[in-house]
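Student:
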Amino acid sequence: MDSCSGNNLFANNLSFYLLRFVVFSNLFPFAIGDLFIFLSIAGVIIYPIYARLRKKLPWKKILLRDGEYLLWIYVWFYLAWGLNYSQKNFYQRTEIPYTAYTPENFQEFVDDYITQLNRSYTPVNSINQDLIREETVRIYNQLSDSLGVHRPPHDHPRVKTMLFTPFISMVGVTGSMGPFFCEFTLNGDLLPANYPATYAHELAHLLGITSEAEANFYAYQVCTRSQAMGIRFSGYFSVLGHVLGNAKRLLSEEEYAKLFQRIRPEIIELAKNNQAYWAAKYSPVVGAVQDWIYDLYLKGNKIESGRQNYSEVVGLLISYQEWKKMN
Numbered sequence: 005m006d007s008c009s010g011n012n013l014f015a016n017n018l019s020f021y022l023l024r025f026v027v028f029s030n031l032f033p034f035a036i037g038d039l040f041i042f043l044s045i046a047g048v049i050i051y052p053i054y055a056r057l058r059k060k061l062p063w064k065k066i067l068l069r070d071g072e073y074l075l076w077i078y079v080w081f082y083l084a085w086g087l088n089y090s091q092k093n094f095y096q097r098t099e100i101p102y103t104a105y106t107p108e109n110f111q112e113f114v115d116d117y118i119t120q121l122n123r124s125y126t127p128v129n130s131i132n133q134d135l136i137r138e139e140t141v142r143i144y145n146q147l148s149d150s151l152g153v154h155r156p157p158h159d160h161p162r163v164k165t166m167l168f169t170p171f172i173s174m175v176g177v178t179g180s181m182g183p184f185f186c187e188f189t190l191n192g193d194l195l196p197a198n199y200p201a202t203y204a205h206e207l208a209h210l211l212g213i214t215s216e217a218e219a220n221f222y223a224y225q226v227c228t229r230s231q232a233m234g235i236r237f238s239g240y241f242s243v244l245g246h247v248l249g250n251a252k253r254l255l256s257e258e259e260y261a262k263l264f265q266r267i268r269p270e271i272i273e274l275a276k277n278n279q280a281y282w283a284a285k286y287s288p289v290v291g292a293v294q295d296w297i298y299d300l301y302l303k304g305n306k307i308e309s310g311r312q313n314y315s316e317v318v319g320l321l322i323s324y325q326e327w328k329k330m331n
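For the sequence shown, my numbering gives the first residue as 5, with consecutive numbering after it.
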């Protein structure tokens, strides 16, 4: 797949088919993809029991029917969404060269990041969904050609609340892209400071971005370009954990401590409260199972680093920073 700017035919076809699915799913006020997945899982489990006890069917026939259903689900998934995994990565689409970590470029990135993070801080106490949608769509349209991402198919993409929010919070998931009906959904427990960046992240998936690191990168670029203070801060805040995680690995204890001390106390407090909020909802057992399954899913679809892919956003940001200095 060529870059968005170089493959208008693909972009037009994607928008055409995506828009048809989106229009259909928008007829329903709830996430029909979540319901479909739940009913499919329930059906695959319950059907063999029903068919064996009530219909007296042989196990071979029962298992073949279950397998046939799962095969059709697999085909539907790949036709509706999975083909995106075969597209070129960010560096290939944008022709921005990959830049390896060095002590110098990492320190330069971190210094600038913390400065911008501190400057952008503002208390975020409410969620203005209309403003977030308008700003996100506007900026994705601006960035489309230069950063290798498709434009939103229309100006009013409808986000839905995850149907099973309490359970989803137990596994630590804040949003998802529903591939079967082209829906993007957000966890109903999202806090105001997390909402804009999570919205932009999941919209990136709706636009065909499969890599979690790339979705984080686009969410960061979109939100930090917004003139709305709460949205801009959400963008910087969204990668704080990834930046600190990389810093802890790459810097000495003394250097890391100095870096940490530079972050505004209000932001540190917000991050701690955020962590405590989600930890109270998280189930270690259920979460561990979900993490294992999702890691296998990512690795099975050419995301070789699995769940670690989320933190690779820092490498994308450094490469982009170095490229900008040369252009």
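Virtual Cβ for every residue (Gly too), placed ideally from N, Cα, C.
By a C-beta neighbour count over all protein chains shown, 10 Å radius and 16 as the cutoff for buried, is residue 191 buried or exposed?
Tutor: buried
Student: Tell me whether the region 179–186 and the region 77–93 touch, counting them as touching only if at least three CB pairs, one residue from each stretch, are closer than 8 Å.
Tutor: Contact holds between the region 179–186 and the region 77–93, because three or more Cβ pairs, one in each stretch, are under 8 Å apart.
Student: Tell me the DSSP secondary structure of residue 61 in three-state form.
Tutor: coil
Student: With residue 141 as the anchor, note down where its alpha helix (DSSP H) starts and where it stops.
Tutor: 133–151
Student: Where does residue 166 fall in DSSP's three states?
Tutor: coil
Student: Can you pull the DSSP bridge partners for residue 108?
Tutor: BP columns for residue 108 are empty, so no partner.
Student: Would you report the Cα separation of residue 124 and residue 245, rounded to the nearest angstrom?
Tutor: 17 Å
Student: Within the chosen definition, does the region 313–327 reach the region 202–219 through at least 3 CB pairs nearer than 8 Å?
Tutor: yes
Student: From the DSSP output, which residues share a beta bridge with residue 257?
Tutor: In the DSSP output, where bridge partners are listed per residue, residue 257 has none listed.
Student: Starting from the C-beta of residue 275, find all residues in its chain whose C-beta is less than 7 Å away, skip the five residues before and the five after it, and write them out in chain order.
Tutor: 244
Student: Can the beta-carbon of residue 106 be found closer than 8 Å to that of residue 323?
Tutor: no
Student: Only counting the same chain, and skipping five residues up and downstream in sequence, which positions put a Cβ closer than 7 Å to that of residue 203?
Tutor: Excluding sequence neighbours, residue 203 sits near 136, 140, 163 and 190.
Student: According to DSSP, which residues form a beta bridge with residue 188?
Tutor: Answer is 163 and 181.
Student: Assuming residue 320 and residue 94 are in contact, meaning their beta carbons sit under 8 Å apart, how far apart are those beta carbons, in whole angstroms?
Tutor: 6 Å
Student: Hey, residue 34 and residue 194: beta-carbon distance below 8 Å or not?
Tutor: In this structure, residue 194 does not lie closer than 8 Å to residue 34 by Cβ.
Student: Mark residue 67 as exposed unless 16 or more other C-beta atoms lie within 10 angstroms of its C-beta, in which case mark it buried.
Tutor: exposed
Student: Rounded to the nearest angstrom, how far is the Cβ of residue 226 from that of residue 117, given a contact under 8 Å?
Tutor: Actually they are not in contact, since the Cβ atoms of residue 226 and residue 117 sit about 16 Å apart, beyond 8 Å.
Student: Measuring only the C-alpha atoms, how far is residue 146 from residue 55?
Tutor: 55 Å
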